[in-house]
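Take a look at the structure set out below.
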Amino acid sequence: AQTVTQSQPEMSVQEAETVTLSCTYDTSESNYYLFWYKQPPSRQMILVIRQEAYKQQNATENRFSVNFQKAAKSFSLKISDSQLGDTAMYFCAFIDNYGQNFVFGPGTRLSVLP
Amino acid sequence: EPEVTQTPSHQVTQMGQEVILRCVPISNHLYFYWYRQILGQKVEFLVSFYNNEISEKSEIFDDQFSVERPDGSNFTLKIRSTKLEDSAMYFCASSEADGYVKNIQYFGAGTRLSVL
Chain A
1 AQTVTQSQPE
11 MSVQEAETVT
21 LSCTYDTSES
31 NYYLFWYKQP
41 PSRQMILVIR
51 QEAYKQQNAT
61 ENRFSVNFQK
71 AAKSFSLKIS
81 DSQLGDTAMY
91 FCAFIDNYGQ
101 NFVFGPGTRL
111 SVLP
Chain B
1001 EPEVTQTPSH
1011 QVTQMGQEVI
1021 LRCVPISNHL
1031 YFYWYRQILG
1041 QKVEFLVSFY
1051 NNEISEKSEI
1061 FDDQFSVERP
1071 DGSNFTLKIR
1081 STKLEDSAMY
1091 FCASSEADGY
1101 VKNIQYFGAG
1111 TRLSVL
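Line by line, the protein sequences are chains A and B. Numbers 1 to 114, taken from the working numbering, label the letters of the first sequence in order. Numbers 1001 to 1116, taken from the working numbering, label the letters of the second sequence in order.
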């Protein structure tokens, strides 16, 4: 069974600085997808960024980028120029190539400080 | 931008009562999902639904739960006899049918269920 681990329950960062959230996962699959979802205090789940395992190039979405290390099964999220609106729970998630077994990590609570 | 909508945003019910949580997935999506998040815990998969039948379900999704697509737009989760431990945020999600985009799920804002 796939597992997703986020070793940092809470993090904080000063506004405008850069922060990296860690995620590791375990799977025997070779093709799969990884996601970072953001859950602000409103508790809506918002897709931040995704990565296809067969792509070597790291995904980037504006201020958000990932460092995908397939061999190490690591998928960290870097937020550049942090903004107050980035304050949220961040969940790393895995899904296999068949769209099954969507597994979430336990989350990292990020606080952006003014 | 199209979005998944869920109603109500907050449902309060008495233990033992039946509740129906409603979702309107994105219109061209064909895969539908329900997830649960107990306060302070991670999001847990409940069930996936495709072509008018359940395609996968977790251990949490026992006989107390059922899903239905009663018409062309709604997707519902019914809890037959609610228990205190059913109190949670329930998220609906949907995804397209074809290719790798099938794996990109879009989530609704959630329904907070409080069982008293």
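A virtual CB, placed ideally from N, CA and C, is assigned to each residue, including glycine. These figures come from a predicted structure and were not determined experimentally.
Counted within 10 angstroms of its Cβ, other Cβ atoms place residue i as buried (16 or more) or exposed
| i | result |
| --- | --- |
| HIS1029(B) | buried |
| SER28(A) | exposed |
| GLN14(A) | exposed |
| GLU1044(B) | buried |
| ASP26(A) | exposed |
| THR3(A) | exposed |
| TYR98(A) | exposed |
Sub-7 angstroms separation of residue i and residue j beta-carbons
| i | j | result |
| --- | --- | --- |
| GLN35(A) | LYS1042(B) | The sequence as given places Phe at residue 35(A); Gln does not occur at that position. No, Cβ-Cβ distance for PHE35(A) and LYS1042(B) is not below 7 angstroms. |
| ILE1026(B) | PRO1008(B) | no |
| SER74(A) | SER12(A) | no |
| HIS1010(B) | ARG1112(B) | yes |
| SER82(A) | THR20(A) | no |
| TYR32(A) | ALA53(A) | yes |
| SER22(A) | SER7(A) | yes |
| MET1015(B) | ARG43(A) | no |
Beta-carbon separation (whole angstroms), residue i vs residue j, contact threshold 8 angstroms
| i | j | result |
| --- | --- | --- |
| MET45(A) | GLN39(A) | 6 angstroms |
| LEU1087(B) | SER1114(B) | Looking at the sequence provided, one finds Ser at residue 1087(B) rather than Leu. About 5 angstroms; that satisfies the 8 angstroms criterion. |
| GLN1006(B) | GLY1108(B) | 4 angstroms |
| ARG109(A) | PRO41(A) | So it is not a contact: roughly 11 angstroms between Cβ atoms. |
| PHE1049(B) | VAL1067(B) | 5 angstroms |
| LEU1021(B) | THR1076(B) | 7 angstroms |
| VAL66(A) | ALA59(A) | 5 angstroms |
| ILE79(A) | PHE64(A) | 6 angstroms |
| LEU1046(B) | TYR1031(B) | Actually they do not touch by this definition, with Cβ atoms about 14 angstroms apart. |
Endpoints, the beta strand (DSSP E) within which residue i is located
| i | result |
| --- | --- |
| ARG1112(B) | 1111-1115 |
| ARG1036(B) | 1031-1037 |
| ILE1020(B) | 1019-1024 |
| GLU1056(B) | 1053-1057 |
| ASN67(A) | 64-69 |
| ALA1093(B) | 1088-1095 |
| SER126(A) | Any answer about residue 126(A) is impossible in this case: the structure gives chain A only from 1 up to 114. |
| ALA88(A) | 88-96 |
| GLN51(A) | 46-52 |
In chain order, what residues of the segment 39-57 of chain A put their CB closer than 8 angstroms to some CB of chain B? Using a CB distance below 8 angstroms, the part of the segment 39-57 of chain A facing chain B consists of SER42, ARG43, GLN44, MET45, ILE46, LEU47, ARG50 and GLU52, ordered along the chain.
Output needed in chain order: residues of the segment 1006-1020 of chain B with a Cβ under 9 angstroms from some Cβ in chain A. Flagged: no residues at all.
May I ask you to list, following chain order, the residues of the segment 1036-1052 of chain B that have a beta carbon less than 7 angstroms from some beta carbon of chain D? Protein chains in the displayed structure are A and B, and chain D is not among them.
Below 9 angstroms between beta carbons is the criterion; list the residues of the segment 88-108 of chain A that meet it against any residue of chain B, in chain order. PHE91, ALA93, ILE95, ASP96, ASN97, TYR98, GLY99, GLN100, ASN101, PHE102, VAL103, PHE104, GLY105, PRO106 and GLY107
Contact list for the segment 1053-1082 of chain B against chain A, Cβ threshold 7 angstroms: GLU1056
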